[in-house]
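In the working numbering, the protein residues as written are 97 to 545.
Where a beta carbon is used, it is the ideal one built from N, C-alpha and C, also for glycine.
Working notes, structure below.
Take a look at the structure:
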C-alpha cells in the first residue's frame, strides 16, 4: 500500500486506562456516567454500558471519560486482547485501555486491525496465574497506517462483510427460535404438560446409556489416517455435533475398547459448567476416527415411545433443561455432573409418536435451510479473513472500494491488477472481479443463502 507507515499506537494517539470508584461509597454509583468492565468488549461495537457511576465517582477515581469512537482493548482475564469500539461516551475500569480518536487514524480501521491481532496479543500476554497485557504494551503496539482515505475504505469494506456475517448469524438464530416456537405450539410446556400427554419414566424412553473412555491428547486441527481422536465435551455444547472438537491420542496409550461415533448417535454431555451441562445433539454421519470420552453419553432410545429428533428438542427446551440440570451434583461455580441413576428418574412427556414424527419432518426441513445459511456464514467468514489479511498487508486493490457516500462511477468493468505470489492468488480467488467490490459482496452473499 503506497504511503503506509508503521507507528506505535502512542505515536499517533493518546492512550488512557480506566479505574473503579470505591464500591463502599454508594454515592459513587448508579448515576448517569456510563461505565464499562472488560466483559463489555465481547460485544464489539459498544452501545450500552455495564453500569453507571456518578460524576462524583468519576472525579474521585482514576476512571476517565472517553469520547465516542474510542477503540478499547481488554487487558486482563478471559477477555484479554478483546477489542471494542465505543459508539457512546463512556468511562471504564482498570482492565480496559482506550485509544482516543486522532487526526492520523480512522477509528474503525484501528478497531478492525486490532481485532485481527488478538491471537498475537494472547501469545504476548505475561503473568502466571492470570496472563495479561498492560497499557504500555498497547502504547507500543505497532500499527500499519495507510493514507486516511485508504483506512476509511478498508474499514468500510470490512464493516460491510462483518455486517453480512452478523446478518447470517441472526438468520440462524431466527430459525432456531422458529423451531422452539413450533415445539411449544405443538406440544406445549413440557414441564407443566398442560396438554396432558402421557408421561413415562426415563428408563422406559431410554433403553441404554453408555459412555466412552477419556485419554489425554494433543490439540490439533487434523487427524492422519492412522490416528484417532477423543471428542471434547465441546463437540456437543452448541447443540449440533462439531467434529472439529477433539484431541489427537497417541495410539500406544490406548488400553481399552473405543466407542467410535456413528450416524444417528444421540450424544449427551453429563458433565460441564452450569450453563453447558446437559447439552445434546444427534450425530449426522459416521466418524470412524473419533471416539467418545467418559463425559459424553450415547443413548439408545425406545423409538416406539420417543422420536430422537423430538427428544433432542425436548432436552433443549429451557424449562425442561433446567429440570435436567437440577439433577446434577457439584457447586454452582464448578464442573457439574449428572449420574445415570439420577437421569433415569426423569419424567418424559410422550406425545403420540405420529405427532412426534410430524414434528421431526418440520425440523429436518428447517435444518436443511439452516445448513445452507451456515454454509453462507462459513463462506463469509472465510471471505472476511481473506479480505482483512490482504487489506492489512497492502495487497488489496482499494480502487475497487468507493469511499462511503461517494458513488462509484458507472464505467466499463476493468479487471483488477493481477496478483503475483501464490498466496496472493489464493486469497484473490475469494474476491468478486468487479470495479465495485461492496455491491458485489452483498450480491454474492445473498446468492449463497
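Residue environment, residue i, which counts as buried when at least 16 other CB atoms sit within 10 Å
i	result
residue 333	buried
residue 114	buried
residue 144	exposed
residue 466	buried
residue 222	exposed
residue 264	buried
residue 159	buried
residue 379	buried
residue 194	buried
Chain-order list of residues whose beta-carbon lies under 6 Å from that of residue i (same chain, five-residue window excluded)
i	result
residue 338	331
residue 520	Legend: pLDDT at residue 520 = 34, less than 50; position of this residue unreliable, value from coordinates given subsequently. Once the five neighbours on either side are set aside, the close Cβ partners of residue 520 are 491.
residue 305	393, 395 and 436
residue 252	500
residue 106	235
residue 311	326, 345 and 349
residue 157	115 and 117
residue 494	246 and 249
residue 438	423
residue 425	433
Closer than 8 Å: residue i CB and nearest the ligand MN heavy atom
i	result
residue 141	For the structure depicted, the ligand MN is absent and the ligand set is empty, with no information on it obtainable.
Under 9 Å between C-beta atoms of residue i and residue j
i	j	result
residue 123	residue 150	yes
residue 231	residue 171	yes
residue 187	residue 154	yes
residue 499	residue 492	no
residue 309	residue 366	no
residue 359	residue 381	yes
residue 276	residue 412	yes
residue 133	residue 192	yes
residue 196	residue 111	yes
residue 391	residue 368	yes
residue 399	residue 212	no
residue 377	residue 325	no
residue 387	residue 278	no
residue 552	residue 372	No statement about residue 552 is possible, as the shown extent of the chain runs from 97 to 545 and does not include it.
residue 383	residue 419	no
residue 449	residue 402	yes
residue 469	residue 268	yes
residue 480	residue 152	no
residue 432	residue 286	no
residue 207	residue 217	no
residue 243	residue 340	no
Distance between residue j and residue i (C-alpha atoms, nearest Å)
i	j	result
residue 256	residue 250	10 Å
residue 440	residue 240	59 Å
residue 98	residue 490	8 Å
residue 235	residue 245	24 Å
residue 453	residue 406	8 Å
residue 451	residue 445	13 Å
residue 327	residue 389	6 Å
residue 550	residue 177	This structure leaves residue 550 out entirely; the chain is present only between 97 and 545.
residue 298	residue 473	38 Å
residue 397	residue 346	33 Å
residue 443	residue 174	38 Å
residue 294	residue 447	6 Å
residue 362	residue 375	11 Å
residue 319	residue 284	44 Å
residue 228	residue 302	47 Å
residue 259	residue 351	50 Å
residue 226	residue 292	52 Å
residue 322	residue 414	41 Å
residue 296	residue 281	21 Å
residue 370	residue 430	8 Å
residue 266	residue 353	42 Å
Sequence-distant residues of the same chain with beta carbon closer than 7 Å to residue i, five excluded per side
i	result
residue 126	148
residue 316	344
residue 165	182, 197 and 203
residue 488	209, 212 and 240
Residues near residue i by beta carbon distance below 8 Å, same chain, minus five either side
i	result
residue 477	261
residue 142	132, 136, 168, 180, 181, 182, 183, 184 and 186
residue 119	125
residue 103	200, 238, 239 and 241
residue 205	247, 248, 250 and 251
residue 270	none
residue 505	Because residue 505 sits at a pLDDT of 41, beneath the cut-off of 50, its placement in the model cannot be relied upon, and the following sentence gives the value as read from the coordinates. No residues qualify anywhere along the chain.
One or two residues paired with residue i in a DSSP bridge
i	result
residue 472	Looking at the DSSP assignment, residue 472 forms no beta bridge with any residue, so it has no partner.
residue 425	433
residue 307	393
residue 459	DSSP, once it has assigned bridges, lists no residue as partnering residue 459.
residue 181	141 and 167
residue 162	186
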